[in-house]
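K.L.:
Those letters in the sequence shown? Residues 0 to 162, by numbering that gives the first Met the number 0. Built from N, CA and C at the ideal position, the CB exists for glycine as well.
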Amino acid sequence: MITEATKARFAREVAKYPPEQKQSAVMACLSIVQQEQGWVNQESEAVIADYLGMPQIAVHEVTTFYNMYNQQPVGKYKLAVCTNLPCQLRGGNQALQHLEARLGIEMGETTPDGMFTLQQCECLGACADAPAMLVSDRHMCSFMDNDKLDQLLAGLRAAEGRP
């Protein structure tokens, strides 16, 4: 499950810290696993804990504290809509409802084809650009009205060769 190439990536992250503080690389190691596998399971947490010399529960606490770590498989594209107050005041909840209607799923679910997972998220630090969302933990989208949401979905589907 965790390859030697993955452990080499772990080593590069651990090298950024003093030897007695290698546990500081836990978030980077979790991100590496998620990039490679799409989510972080308990087996991966155990490998990270062993690699960093820390209790497995401590790794699990990090995984469960931050909503950026997927604790179950997600779709190819994870759509995380900010629903904190500034985004709510500028249409964040409506954006979430629009995506639910367009995708035929509710928040927290994945489309049957495995293409999209819809989530709400905490503040993305883009309050002036509200409503904001994050696509696959990497791409920030701003001013997401219904037209822009429809364009985003169409573009992602086209990138996959789907109508």
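If distances are taken between C-alpha atoms only, which option among Leu123, Ser30 and Phe115 comes closest to Val61?
P.N.:
Here the question's residue 61 lines up with position 62 in the sequence shown. Nearest of Leu123, Ser30 and Phe115 to Val61, Cα basis: Ser30.
K.L.:
Give the straight-line distance between the Cα atoms of Leu78 and Leu148, rounded to the nearest whole angstrom.
P.N.:
Translated into positions along the sequence shown, residue 78 becomes position 79. Translated into positions along the sequence shown, residue 148 becomes position 149. Each residue's Cα considered, the two are about 10 Å apart.
K.L.:
Looking only at its chain, what residues have a beta carbon closer than 7 Å to the beta carbon of Glu44, apart from the 5 residues adjacent to it on each side?
P.N.:
For the purposes of this step, residue 44 is identified with residue 45 of the sequence shown, where counting begins at 1. Taken in chain order, the residues that qualify are Gln55, Val58, His59 and Thr62.
K.L.:
Please report the straight-line C-alpha distance between Cys140 and Cys126, rounded to a whole angstrom.
P.N.:
Locating residue 140 in the sequence shown gives position 141, where the first residue counts as 1. Locating residue 126 in the sequence shown gives position 127, where the first residue counts as 1. Looking at the two C-alpha atoms, the distance is approximately 12 Å.
K.L.:
Judging by CA-CA distance, which residue of Lys21, Gln70, Gln36 and Phe64 is the nearest neighbour of Tyr50?
P.N.:
As a working note, residue 50 is residue 51 in the sequence shown. The residue with the shortest Cα to Cα distance from Tyr50 is Lys21.
K.L.:
Taking the C-alpha atoms as reference points, what is the distance between Gln96 and Glu159?
P.N.:
Here residue 96 refers to the residue found at position 97 when the sequence shown is read from its first residue. Here residue 159 refers to the residue found at position 160 when the sequence shown is read from its first residue. Going by the C-alpha atoms only, they are around 24 Å apart.
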